[in-house]
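Chemist:
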Amino acid sequence: MPLFIVQHRHEANNCPAKNPDVGQMLLKHLASASDYKVNIRSEGVVDGSHRLFLFIESESRENVENFMKPFYQFGEVEILSASLCESVVERGGC
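In our numbering, the protein residues as written are 58 to 151.
(1) Where Ile113 and Ser89 are concerned, what is the direct C-alpha to C-alpha distance, given to the nearest angstrom?
(2) When you compare only the Cα positions, how much space is there between Val134 and Cys72?
(3) Identify whether Asp148 lies in helix, strand or coil by the three-state DSSP scheme.
(4) Ser99 by DSSP, collapsed to three states: which one?
(5) Tell me which residues share the same chain as Leu137 and place their Cβ nearer than 6 Å to its Cβ, disregarding the 5 neighbours each side in the sequence.
(6) Determine which residues share a DSSP beta bridge with Val79 and list them.
Below you can see the structure in the form of structure tokens.
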């Protein structure tokens, strides 16, 4: 299944975690990933940088784009096609 790395960035003054209701809404949205036909393999926020990274598996980029829509109201979203390390080694390089 295709793999995507998603980065969401926002300015400190637009941090959704500052508002507990918005933060909870986004956490619930992340928990609903399967409704959008995406599987979050891993996630993390870079401390102090207002950047969230998600490793997402999905059959299509369109599914990932639809899933990330709520995050656009707080900042930028970048979706990159990716591969697992073992796949890169198997095919002989990047």
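For glycine and all other residues, C-beta sits at the position ideal for the given N, C-alpha and C.
Note that the structure is a prediction, hence the values are computed from the model and not measured.
Modeler: Reading off the structure:
(1) Put simply, the backbone Cα of Ile113 is about 13 Å away from that of Ser89.
(2) Using only the alpha carbons, I get a separation of about 14 Å.
(3) For the sequence presented, residue 148 should be read as Arg rather than Asp. In the three-state reduction of the DSSP assignment, Arg148 falls in the coil class.
(4) DSSP places Ser99 in strand when its eight states are reduced to three.
(5) For Leu137, the CB contacts under 6 Å within the same chain, skipping 5 residues up- and downstream, are Ile62 in chain order.
(6) BP columns for Val79 are empty, so no partner.
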